[in-house]
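Chemist: Below you will find the structure I want to go over with you.
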Amino acid sequence: MSELLKVDKIKTEFQTDKGPVTSVDEVSFDLKEGETICLVGESGCGKSVTSLSIMHLLDRNGSVTEGSILFEDKDLAKATEAQMRKIRGNDISMIFQEPMTSLNPVLTIGDQLTEGIRLHMKYSKSEAKKYAIEMLKKVGIPRAEGIIDEYPHKLSGGMRQRVMIAMALSCKPKLLIADEPTTALDVTIQAQILELMKKLREESNTAIILITHDLGVVAEMADKVAVMYAGQVVEETDVYTLFDNPKHPYTLGLMESIPHITNPDDMRLTSIPGSVPSARNMPKGCRFYDRCPHAMERCLAEKPELKSIEDKQAHSIRCFLYENEEKDYEKKHAEKEVSS
Amino acid sequence: MLQYIIRRILIAIPVLFGVTVLNFLIINLAPGNPVDMMVNPSATPAQLAATKHALGLDQPVWVQYWNWLVQLLHGNLGFSYSTREPVTQILMAHVGPTVLLMGVSLIVGYLIAIPLGIICARKQNSWIDYIVTGFSFFGISVPHFFLGLGVIYVFASKLLWFPTGSMNTLGGDGSFIDTFNHLVLPVLVLATGIGGNMVRYVRSSMLDVLGKDYLRTAKAKGLSQFLITNKHALRNSLIPIITVIGIDIPLLIGGAIVTEQVFQWPGLGLLTIQSITSRDYSTLMAINLLAACTVLFANLLTDILYAVADPRIRYD
Ligand SMILES: Nc1ncnc2c1ncn2[C@@H]1O[C@H](COP(=O)(O)OP(=O)(O)OP(=O)(O)O)[C@@H](O)[C@H]1O
Ligand code: SF4
Ligand SMILES: [Mg+2]
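Listed in order, the protein sequences are those of chains Y and U.
For the first sequence, the UniProt record's numbering assigns the number 1 to the initial residue and increments by one for each residue that follows.
For the second sequence, the UniProt record's numbering assigns the number 1 to the initial residue and increments by one for each residue that follows.
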């Protein structure tokens, strides 16, 4: 499996009336074909901004100012709007949290579905319609032939999210970004949508970036996980290591804050004492300092980097507690490079 | 939908009836009467009384109204007290020029305002936004008589580019070019107001829509900015725009009183002023009735257009 996406230390800033605000800082992760990564973290930690940065869908006042987003070896951080238009909906597509407001209320489902198909796949109107009906059936929409001429307000939230998924997957993207696709839905519908996404992922080998608050969803869907805190990735590893052997004090806190980790119905994140520093006055050192039970003096002054340690799988952590392991890993890695 | 339209038309009948009663009362409450205005000053009181009697003006108001209503139901709008021509004929002669003037003004105003409103919303807080918004406030706030006299002074008196008023050159050939030349200045005045108003509504309604989630979805599909704005966003911002159009349509009939006066445009506005000064009750009543019908029609049309623009609106 080859590398599909490599996000490297991106920084996303918003120009506001009160000056620039950095919402995402040094976020890095990578993703192979067909792999699913979950981005988790508290509200406001920059999960949505990260995903919107990849797609160039940030509000007009926001932009990626540093770092690179390599997608199939093209740097999206430097891509022009015209280049992005060819990629959006075609190579990378996206579904959003709010199915109730994500579809245009005055255009039919068919119109909205076929738009992208006709644009990217160059189908004729009738071919596109046939294909759209096929897609609707694939995502489990009953009466697809009838629904295609309906307006979104006739559909329930779950059905609309299915339409969104059909739309997102219609041009066979290599990467699907799903920003809390089930948060707004009932529990039973949530399970159905996740099931659907798993099924489609297997069929098409699409890589997925899944944003969620819900560790249950992570356990269900993820191959690997990036834990974000205050605009940074603080820990990244595969899903088994994350649950078996979490390292970063913030991740540990998240895990502890779940009342019954064995009960899969109740794995939503609750909060850790203290609050996230605001984007306007980020501490100079570790951003978790105020809330960290292991905080040391140097954590206040120095900034920890995201570094790999030796573990079952690739595992990187942004914390001084693991400095020795990080150094060991670096040494070994360097030796390997020399010997090879 | 058809049922809804029929119901609305049925409701319109009592409304129209009420409008005519009110109009009749108000007109009759106004001081003066047609006879004072038409008979020459040396007429004796006996002659005046005889004329009044002949016209039925000596009867109680409600009898006069009843007679008028009976005639109306026979399709007869009466004859003008001042020119003695049939009112229908007078109306016909004046409707055309007003519809021409207002129609052109509305179209010109909208054609300029709607794209400008969209551009302002897309480029919010840019210099073009500020300039257009500034002009629109000017258009809304400047009185028509003032702007009218201003453009006459500049373009007709000083520059001699256009005629000062009327619809055709006296004794001219009445050609299209001639009418066009006469149209330019009054249209300029009216379109300024109409457009200025429309720009504000288009801009704010567009701004509202541009922040919506479904536009991000459209962009995520890879659509061009042109399609996003003009297909996805514009359709959604139509409702407030339709409302404004619905309010503007009655202007087609009655809106240009001041401007028609300033430019001596031979339309319904000018006719209204003439009828008021000559206490020409029958013509006034006919104009009022026509205006009321137009307003009711515009309201109905607005509601139908709502349903066309927004599939969530259904009248059943
Ligand atoms: N247009 C904007 N202008 C200024 N700041 C913004 C803008 N959009 C987002 N932000 C800021 O970026 C930060 C990250 O927001 P983001 O939406 O990515 O959080 P999130 O992790 O997705 O949270 P949630 O779980 O609530 O969706 C927030 O603090 C937010 O205030
Ligand atoms: S760097 Fe220091 S403050 Fe930050 S998480 Fe690690 S121990 Fe805690
Ligand atoms: Mg979010």
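Glycine residues also receive a C-beta, built at the ideal position from the N, C-alpha and C atoms.
(1) Could you tell me whether any Cβ in chain Y is nearer than 8 Å to the Cβ of Asp213 of chain U?
(2) Could you tell me whether any non-hydrogen atom of ligand 1 is closer than 7 Å to the CB of Thr16 of chain Y?
(3) If I'm right that Ile10 of chain Y touches Ala77 of chain Y with Cβ under 8 Å, what's the distance once you round it to whole angstroms?
(4) Does the CB of Asn104 of chain Y have a neighbour CB from chain U at under 8 Å?
(5) Could you please give the first and the last residue of the uninterrupted alpha helix (DSSP H) stretch that includes Tyr65 of chain U?
(6) How far does the beta strand (DSSP E) with Ser166 of chain U in it reach, from first residue to last?
(7) Return the first residue and the last residue of the alpha helix (DSSP H) that Ile239 of chain U is part of.
(8) Can Cys45 of chain Y be considered in contact with ligand 1, in the sense that its beta carbon sits closer than 7 Å to one or more heavy atoms?
(9) Please list the partners that Thr101 of chain Y has in chain U, where partner means a Cβ-to-Cβ separation under 8 Å.
(10) Within 7 Å: the Cβ of Glu42 of chain Y and any heavy atom of ligand 3?
(11) Under 8 Å, Cβ to Cβ, is there at least one residue of chain U near Gly89 of chain Y?
(12) What residues are listed by DSSP as bridge partners for Asp238 of chain Y?
(13) Decide yes or no for the touch test of the segment 215–222 of chain U against the segment 249–269 of chain U: beta carbon pairs closer than 8 Å, at least 3 of them.
(14) In the DSSP assignment, find the beta strand (DSSP E) that holds Val40 of chain Y and state where it starts and stops.
(15) Within 8 Å of any Cβ in chain U, is that where the Cβ of His213 of chain Y sits?
(16) Just to confirm, are Ser224 of chain U and Arg85 of chain Y a CB contact at a threshold of 8 Å?
(17) Taking 8 Å as the threshold (beta carbon to beta carbon), is Asp208 of chain U in contact with chain Y?
(18) Does DSSP classify Pro20 of chain Y as helix, strand or coil?
(19) Determine, using beta-carbon pairs with one atom in the segment 176–184 of chain U and one in the segment 56–67 of chain Y, whether at least three such pairs fall under 8 Å.
(20) Skipping 5 residues on each side, what residues in its chain have a beta carbon closer than 7 Å to that of Pro273 of chain Y?
(21) Across the segment 143–161 of chain Y and the segment 101–115 of chain Y, are there enough close Cβ pairs to call them in contact, namely three or more that are closer than 8 Å?
(22) Short check: CB of Pro99 of chain Y to CB of Arg143 of chain Y, under 8 Å?
(23) In the DSSP output, what is Asp179 of chain Y paired with across the bridge?
(24) Give the straight-line distance between the Cα atoms of Val218 of chain Y and Cys38 of chain Y, rounded to the nearest whole angstrom.
(25) Of all the CB atoms in chain U, is at least one closer than 8 Å to the CB of Leu119 of chain Y?
(26) Report yes or no: do the segment 187–196 of chain U and the segment 219–238 of chain U share at least 3 C-beta pairs separated by less than 8 Å?
(27) Helix, strand or coil, according to DSSP, for Val64 of chain Y in the structure here?
(28) How far does the beta strand (DSSP E) with Ser136 of chain U in it reach, from first residue to last?
(29) In chain order, what residues of the same chain lie with their CB nearer than 8 Å to the CB of Leu69 of chain U, ignoring the 5 residues before and after it?
(30) Please report whether the beta-carbon of Thr243 of chain U lies at a distance below 8 Å from any beta-carbon of chain Y.
(31) Establish whether the CB of Tyr123 of chain Y and some CB of chain U are separated by less than 8 Å.
(32) Going by beta-carbon coordinates alone, are Gln232 of chain Y and Arg318 of chain Y separated by less than 8 Å?
(33) For chain Y, is any of its Cβ atoms less than 8 Å away from the one on Asn168 of chain U?
(34) Do you know offhand how far Tyr4 of chain U's Cα is from Tyr315 of chain U's?
(35) Report the residue from Y:Glu13, Y:Pro173, Y:Ala334, Y:Thr22 whose alpha carbon sits nearest the alpha carbon of Met282 of chain Y.
(36) Is it true that the segment 205–220 of chain Y meets the segment 115–130 of chain Y, where meeting means three or more beta-carbon pairs spaced less than 8 Å apart?
Modeler: Walking through what the data contain:
(1) Indexing the second sequence from 1 puts residue 213 of chain U at position 213. Proximity of Asp213 of chain U to chain Y, defined by a Cβ-Cβ separation below 8 Å, is satisfied.
(2) One-based indexing of the first sequence puts residue 16 of chain Y at position 16. At least one heavy atom of ligand 1 is nearer than 7 Å to the Cβ of Thr16 of chain Y, so yes.
(3) One-based indexing of the first sequence puts residue 10 of chain Y at position 10. One-based indexing of the first sequence puts residue 77 of chain Y at position 77. Between Ile10 of chain Y and Ala77 of chain Y a beta carbon distance of about 7 Å is seen, short of the 8 Å cut, so the two are scored as contacting.
(4) One-based indexing of the first sequence puts residue 104 of chain Y at position 104. It does: the Cβ of Asn104 of chain Y has a partner Cβ on chain U nearer than 8 Å.
(5) Along the second sequence, read from residue 1 onward, the residue named residue 65 of chain U stands at position 65. Its alpha helix (DSSP H) spans residues 61–73.
(6) Your numbering for residue 166 of chain U matches position 166 in the second sequence. For Ser166 of chain U, no beta strand (DSSP E) run applies, since DSSP gives it neither H nor E.
(7) Numbered from 1 along the second sequence, position 239 holds the residue referred to as residue 239 of chain U. That run of the alpha helix (DSSP H) goes 238–248.
(8) To locate residue 45 of chain Y, count along the first sequence from 1; it is residue 45. Look at Cys45 of chain Y: its beta carbon is less than 7 Å from one of the heavy atoms in ligand 1.
(9) By 1-based counting over the first sequence, the position of residue 101 of chain Y is 101. Result: Lys212, Asp213, Tyr214.
(10) As a working note, residue 42 of chain Y is residue 42 in the first sequence. Flag unset: Cβ of Glu42 of chain Y not near ligand 3.
(11) The count along the first sequence starts at 1 and reaches residue 89 of chain Y at position 89. Closer than 8 Å: yes.
(12) The residue you call residue 238 of chain Y lines up with position 238 of the first sequence. DSSP lists Y:Lys224 as partners of Asp238 of chain Y.
(13) These segments do not touch.
(14) Your numbering for residue 40 of chain Y matches position 40 in the first sequence. For Val40 of chain Y, the enclosing beta strand (DSSP E) stretches over residues 36–40.
(15) As a first step, residue 213 of chain Y is located in the first sequence; it is residue number 213 there, counting from the start. Output row for His213 of chain Y: interface = no.
(16) Residue numbering aside, residue 224 of chain U sits at position 224 when the second sequence is read from its first letter. Residue numbering aside, residue 85 of chain Y sits at position 85 when the first sequence is read from its first letter. Contact flag set, yes.
(17) Against the second sequence, residue 208 of chain U aligns to sequence position 208. Contact with chain Y is absent for Asp208 of chain U, since none of that chain's Cβ atoms lies less than 8 Å from the residue's Cβ.
(18) By 1-based counting over the first sequence, the position of residue 20 of chain Y is 20. Strand, per DSSP.
(19) Contact between the segment 176–184 of chain U and the segment 56–67 of chain Y is absent, because fewer than three Cβ pairs lie under 8 Å.
(20) Here the question's residue 273 of chain Y lines up with position 273 in the first sequence. Closer than 7 Å at Cβ, skipping near neighbours: Arg291.
(21) Flag = yes, the segment 143–161 of chain Y and the segment 101–115 of chain Y touch.
(22) Indexing the first sequence from 1 puts residue 99 of chain Y at position 99. Indexing the first sequence from 1 puts residue 143 of chain Y at position 143. In this structure, Arg143 of chain Y does not lie closer than 8 Å to Pro99 of chain Y by Cβ.
(23) Residue numbering aside, residue 179 of chain Y sits at position 179 when the first sequence is read from its first letter. Y:Ile211.
(24) One-based indexing of the first sequence puts residue 218 of chain Y at position 218. One-based indexing of the first sequence puts residue 38 of chain Y at position 38. Roughly 6 Å between the two C-alpha positions.
(25) As a position in the first sequence, residue 119 of chain Y is number 119, starting the count at 1. Look at Leu119 of chain Y: its C-beta is under 8 Å from a C-beta on chain U.
(26) The segment 187–196 of chain U makes no contact with the segment 219–238 of chain U: fewer than 3 CB pairs, one atom from each, lie closer than 8 Å.
(27) Position 64 of the first sequence, counting from 1, holds the residue named residue 64 of chain Y. Strand.
(28) Here residue 136 of chain U is taken as the residue at index 136 of the second sequence, counted from 1. No beta strand (DSSP E) holds Ser136 of chain U; the alpha helix (DSSP H) holding it covers 127–141.
(29) Counting from 1 along the second sequence, the entry for residue 69 of chain U is found at position 69. Short of 8 Å from the beta carbon of Leu69 of chain U, and not among the five residues preceding or following it, lie these beta carbons of its own chain, in chain order: Thr20.
(30) One-based indexing of the second sequence puts residue 243 of chain U at position 243. Contact of Thr243 of chain U with chain Y is not assigned, every C-beta pair being separated by 8 Å or more.
(31) Sequence index remark: in the first sequence, residue 123 of chain Y carries index 123 (1-based). Closer than 8 Å to the CB of Tyr123 of chain Y there is not a single CB belonging to chain U.
(32) As a working mapping, residue 232 of chain Y is identified with position 232 in the first sequence. As a working mapping, residue 318 of chain Y is identified with position 318 in the first sequence. In this structure, Gln232 of chain Y lies near Arg318 of chain Y, with their beta-carbon atoms less than 8 Å apart.
(33) Here residue 168 of chain U refers to the residue found at position 168 when the second sequence is read from its first residue. Not closer than 8 Å to any Cβ of chain Y, the Cβ of Asn168 of chain U fails to qualify, so no.
(34) To locate residue 4 of chain U, count along the second sequence from 1; it is residue 4. To locate residue 315 of chain U, count along the second sequence from 1; it is residue 315. Using only the alpha carbons, I get a separation of about 6 Å.
(35) By 1-based counting over the first sequence, the position of residue 282 of chain Y is 282. Ranking Y:Glu13, Y:Pro173, Y:Ala334, Y:Thr22 by Cα distance to Met282 of chain Y puts Y:Thr22 first.
(36) Contact fails: fewer than three Cβ-Cβ distances are below 8 Å.
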